[in-house]
Structures are given as structure tokens and as C-alpha cells.
Amino acid sequence: MTTPYQAVFLDNGQFFYGKVDQSLSGFLLLTDIYYIQGSQDPETNQVKNILIQRGKEWHSPDRMFLNLRHVVAIEPVTSTSEVAQLIEKQQTNREVK
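Numbering (my numbering), first residue to last: -9 to 87.
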């Protein structure tokens, strides 16, 4: 793919945004990973989706190996998409700190 980031959709409904690095023995290596996490405001009951960078979890993963049998689709994330813009914004904020 020609875009820096790809959307990887799994057969369990999960999806991740990241850089598809390579495919090894039936596994797909994904790096620089992001995912969407929804949170509900208890006062308004509105759900807000937040882009989270993988690696902030307790075990601080820097890569993910996905079983290719569970990958349904891989799509490019275009530079003009909302996801790409949010990733760029997070990276810029990280560099400033």
C-alpha cells in the first residue's frame, strides 16, 4: 500500500490503524498502532470516540502480530481522512512535549 497507515479489520469486529510492516508465517506485523475507544458522558449519555495510541497500556506494546486467518480486510488510510489527521495531531503534540 502506498499510504503510511492502513486500517486492519478483524473477523471479531475489532479494527486497528497502523503501519503494516510485514507478513511472517501466517501473521501480520502491525506497528505504530492506534484504535478507537468510546466513552459515554454520564450527564448527557453522548458517546465520544477517542483515538488511542497502542503502547499506553500497562505492558507498553510497541507492535502487534495479527493472525492472518482473522484479518478480514486491509484498507489504506488516506492523508486527508479524519483518522490520518488525528494521528498527525497526536504525533505533533508528542513531539512538542
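All C-beta atoms in this analysis are idealised placements derived from N, C-alpha and C, irrespective of residue type, glycine included. These figures come from a predicted structure and were not determined experimentally.
Query, Result
"Beta-ladder partner(s) of P66, from DSSP", "Q(-4)"
"Any non-hydrogen atom of the ligand HEM within 7 Å of S29 CB", "By its list of ligands, the structure shown contains no ligand whatsoever, and the ligand HEM lies outside what it can speak to."
"Unbroken stretches of the beta strand (DSSP E), 3 residues or longer, contained in the segment 7 to 74", "17 to 30, 37 to 43, 53 to 57, 61 to 67"
"Buried versus exposed, by CB contacts within 10 Å (16 or more), I77", "buried"
"Cβ neighbour criterion (16 or more within 10 Å) applied to I23", "buried"
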